[in-house]
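A short write-up of the structure that comes next.
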Amino acid sequence: MLTAVDHVQLAAPPGSEDKLRAYYQGVLGMREISKPPVLAARGGCWFTAGGVQLHLGVEEDFRPARKAHPGLRVTGIEAYADRLRERGADVVWDDGLPGHRRFYSHDPVGNRLEFLEPHAPGAGGPTDG
Numbered sequence: 001m002l003t004a005v006d007h008v009q010l011a012a013p014p015g016s017e018d019k020l021r022a023y024y025q026g027v028l029g030m031r032e033i034s035k036p037p038v039l040a041a042r043g044g045c046w047f048t049a050g051g052v053q054l055h056l057g058v059e060e061d062f063r064p065a066r067k068a069h070p071g072l073r074v075t076g077i078e079a080y081a082d083r084l085r086e087r088g089a090d091v092v093w094d095d096g097l098p099g100h101r102r103f104y105s106h107d108p109v110g111n112r113l114e115f116l117e118p119h120a121p122g123a124g125g126p127t128d129g
């Protein structure tokens, strides 16, 4: 029986760890966690926040997925979107998921990320109407 998602792994090109740290820590506000030594030798980096773990693993022939992405639940989505924009990240709002406010962004290597927050129907958010 499945009980939870332990982590989501995204790919990244070799040598991109400093850019990933700047984004996942500095922009998203996540904390880097240590990889086990046997895995650290492969490169990449792992991050956590609010019970979510994102693992970035090095892939020699890296190509970011165009559609695949993790959906990351946030609180205070407007303020969180402002935080990303203030730090130079793209924010593209999408009102296609009923009962949620959500936007997409991309990390510095092109991985697509979805950020969403549930809201009550008719709550009057900026995309309601």
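1 is the number of the first residue of the sequence shown in full-length UniProt numbering; add one for each residue after it. The beta carbon of each residue, even a glycine, is placed where N, CA and C say it ideally should be.
Residue i, DSSP secondary structure in three states
{"i": "R63", "result": "coil"}
{"i": "V73", "result": "Sequence check: residue 73 is Arg here, not Val. Three-state result, R73: strand."}
{"i": "P37", "result": "helix"}
{"i": "G57", "result": "strand"}
{"i": "A12", "result": "strand"}
{"i": "residue 130", "result": "No information on residue 130 is available, as it lies outside the stretch 1 to 129 that the chain covers here."}
{"i": "A49", "result": "strand"}
{"i": "L116", "result": "strand"}
{"i": "V91", "result": "coil"}
C-alpha distance - residue i paired with residue j, whole-angstrom precision
{"i": "D82", "j": "P13", "result": "28 Å"}
{"i": "G43", "j": "H100", "result": "36 Å"}
{"i": "Y24", "j": "V5", "result": "19 Å"}
{"i": "A40", "j": "S34", "result": "8 Å"}
{"i": "D18", "j": "E32", "result": "12 Å"}
{"i": "V38", "j": "R112", "result": "28 Å"}
{"i": "G26", "j": "Y80", "result": "13 Å"}
{"i": "T48", "j": "M30", "result": "6 Å"}
{"i": "G76", "j": "L84", "result": "13 Å"}
{"i": "D95", "j": "V74", "result": "16 Å"}
CB contact flag (residue i, residue j, <8 Å)
{"i": "Q53", "j": "H7", "result": "yes"}
{"i": "E114", "j": "Y104", "result": "yes"}
{"i": "F62", "j": "A11", "result": "yes"}
{"i": "G15", "j": "P64", "result": "no"}
Contact belief for residue i with residue j at Cβ below 8 Å, rounded distance in angstroms
{"i": "D107", "j": "L2", "result": "Incorrect: roughly 27 Å between the Cβ atoms, too far for contact."}
Does the region 61 to 73 touch the region 86 to 94, meaning 3 or more C-beta pairs lie closer than 8 Å?
Because the criterion of three Cβ pairs below 8 Å is not met, the region 86 to 94 and the region 61 to 73 do not touch.
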